[in-house]
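Note that full-length UniProt numbering has the sequence shown beginning at 1, numbered continuously upward.
From the three backbone atoms N, C-alpha and C, an ideal C-beta is built for every residue, glycine too.
Notes follow once the structure below has been shown.
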Amino acid sequence: MADKIVIPATTRTDFGKGAARKARRSGYIPGVVYGHGEDPIHILLPNHETTLAVRNPNALITLDIEGKKQLVLPKDIQRDAIYRSVDHLDLLAVRSGEKVVVDAPVEVIGEPASGLEYLLDQPTVAVEAEATHLPDSISIDITDREENALPEHLQLPAGVTLAITDLESPVVTIYEPTVQDLGDEDETAEESEAESTSEGESESDDA
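Right, dumping it as structure tokens:
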């Protein structure tokens, strides 16, 4: 679990693209908080703290909205197409003890059996957990495996359950590299060696 994140926020009274651009120039990110059947709350968030917080897409954030505390999870992060800076946030209001479904990153541990390679087919998996106990990632150990790793092989922390219906598709595919794969590796090694030799000759010529 990550450290507790608290971000101050102010209610937003000006709307429209012009107002949003003005807010961003002033160092704020427009956002909206929704959920639990309540009216949406339009807010402004400090750019630096918010950008750092949403590096983890499942970060549990405590908003301090002008003195009122609200737990939220990022649900939609809109970014600038060129600079990838955060332009707008949709935030889901949650309560302590409430269960939510999120996509958790899959962390592969170990290497398959000798001579085999692996491919991560599902970089994330949907899991259900309490909003205040969301996992940073879900591990799957492929040490010395010779067969594909399925959802049943995921190492789920206590209180976390899978929220997927397809339990047959592999999370990690274990395979034997083909002759073509090995040939590509040999060609890459030969090219690297040739480049090193060429650079060495050039340095000798310059000396």
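If you follow the beta strand (DSSP E) that residue i is in, where does it begin and where does it stop?
i: E130; result: T124 to E130
i: residue 238; result: The question about residue 238 has no answer here: the residues shown for the chain are numbered 1 through 207.
i: G31; result: Y28 to G35
i: T173; result: V172 to Y175
i: L45; result: E38 to P46
i: S139; result: I138 to D141
Just mark residue i as buried or exposed, buried being the case when its beta carbon has 16 or more other beta carbons within 10 Å.
i: M1; result: Below a pLDDT of 50, predicted positions are generally treated as unreliable, and M1, at 48, falls in that range; no measurement from the model is reported.
i: T50; result: buried
i: L44; result: buried
i: Y175; result: exposed
i: G18; result: exposed
i: V179; result: exposed
i: L52; result: exposed
i: F15; result: exposed
i: I82; result: exposed
i: L119; result: exposed
i: A113; result: exposed
Might you give, ordered along the chain, the residues of its own chain that have their beta carbon closer than 7 Å to the beta carbon of residue i, omitting 5 neighbours on each side?
i: P30; result: R12, A20, A23, L44 and H88
i: P157; result: P135
Counting only the same chain and skipping the five closest in sequence on each side, list residues whose C-beta sits under 8 Å from that of residue i.
i: R79; result: S85, V86 and D87
i: I7; result: L45, P46, E49, T50, A53, I61, T62, L63 and D64
i: D121; result: S169, P170, V171, V172 and T173
For residue i, which residues of its own chain have a beta-carbon under 6 Å away from its beta-carbon, when the five flanking residues on both sides are left out?
i: H133; result: G159
i: S96; result: T132
i: G35; result: L92 and A93
If you follow the alpha helix (DSSP H) that residue i is part of, which residue opens it and which one closes it?
i: G18; result: K17 to R25
Any contact between the segment 103-115 and the segment 66-83? By contact I mean 3 or more CB pairs, one from each, below 8 Å.
Counting C-beta pairs with one atom in each stretch, the segment 103-115 and the segment 66-83 have fewer than three that are closer than 8 Å, which means they do not touch.
Should the segment 125-144 be called in touch with the segment 83-91, which here means at least 3 C-beta pairs below 8 Å?
no
Can you check the segment 59-129 for any beta strand (DSSP E) of at least 3 residues that lies completely inside it and give the ranges in chain order?
61-65, 68-79, 86-94, 99-109 and 117-120
Do the segment 99-106 and the segment 35-44 make contact, defined as three or more Cβ pairs closer than 8 Å?
no
Indicate whether the contact test is met: 3 or more Cβ pairs, each with one atom in the segment 159-172 and one in the segment 114-131, closer than 8 Å.
yes
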